[in-house]
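Colleague: Take 0 as the starting number for the sequence shown in numbering that gives the first Met the number 0 and just add one per residue.
Glycine is no exception: its CB is placed at the ideal position from the N, C-alpha and C atoms.
Please read these numbers as outputs of a predicted model, since none were measured by experiment.
Handing you this structure, nothing more for now.
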Amino acid sequence: MNATASTVRTLHVSRLHLVAVASAVPVAREFVYQTLKYWRLDDYADDTALMMSELVSNAVKATGFPGRQPKPWEITAQHVMAIQLRVVGDELFVEVWDRSSDEPVKQTVTAEAEGGRGLHLVEAVAEKWGTYLSPAGGKIVWAMKTLTMLPSPPLDGSTLQLRVPDDLKPQDGPVKDQASIALMQRVLDGLRQLL
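Okay, here's the thing in structure tokens:
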């Protein structure tokens, strides 16, 4: 039996740790452009880069040095943030983790305001967005878009697919999907523990 796009749910993940400084914003944008180019999802790069930029800007304000470049000895674990792009099936997630547990708040903005539009922009571009507290501490702010085309990088190990011997395969349906996702999550958790 050959696997098809409808029976195999792929998982693509790329992440980067950054110091929460102003220069993290253009680095995060470039990370989005390069990752989506590699995944052959260039059509989504502009909107995704906008979402990532706004979420990273908020994380820099919440936990970093928004107005200045810190001295190396000033940087602590409190100032580290993580950004991640993740595709599960046909959904593209932009995720930003920082150590603050304070949820971002949409500001009321006027035409004269010079800032405060970030979450409004994310809301306008994303299909869904939200925040949740991370088990590692802090919070993760995420935004999601549905893809009309699936990523297709070369098979080099960056894409995990569930492979089960034919005689052990469960029947298609929600139980199989849940088992596949749970297995992938255990693999990712195990890999994170090795770091």
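Can you check the region 34-107 for any alpha helix (DSSP H) of at least 4 residues that lies completely inside it and give the ranges in chain order?
Modeller: Qualifying alpha helix (DSSP H) stretches, in chain order: 44-62.
Colleague: Looking only at its own chain, which residues have a Cβ that is under 8 Å from the Cβ of L190, when we skip the five neighbours before and after it?
Modeller: Counting only Cβ-Cβ distances below 8 Å, and skipping sequence neighbours, we find nothing.
Colleague: List the DSSP bridge partners of Y32.
Modeller: Bridge partners of Y32: none, in fact.
Colleague: By the three-class DSSP mapping on this structure, what secondary structure does A23 have?
Modeller: A23 falls in the helix class under three-state DSSP.
Colleague: In whole angstroms, what is the alpha-carbon distance linking W128 and T145?
Modeller: Answer to the nearest angstrom: the Cα atoms are 12 Å apart.
Colleague: I need the straight-line Cα distance from S13 to L118, nearest angstrom please.
Modeller: Rounded to whole angstroms, S13 to L118 spans 23 Å at the Cα level.
Colleague: Closest to S100 by CA distance: which of V86, I139, E126 and V121 is it?
Modeller: Looking at the Cα atoms, I139 is the closest of the given residues.
Colleague: What are the partner residues of A142, as DSSP defines its beta bridges?
Modeller: BP columns for A142 point to V93 and W128.
Colleague: Beta strand (DSSP E) containing L10: first to last residue?
Modeller: L10 -> beta strand (DSSP E) spans L10 to V18.
Colleague: Going by C-alpha distance, which of G66, R98 and S22 is nearest Q77?
Modeller: Of the listed residues, the one whose Cα sits closest to Q77 is R98.
Colleague: In this structure, how does DSSP classify M148 when only helix, strand and coil are distinguished?
Modeller: Three-state result, M148: coil.
Colleague: Report the rounded CA-to-CA distance for F64 versus K70, giving the unit in angstroms.
Modeller: Going from the Cα of F64 to the Cα of K70 covers about 10 Å.
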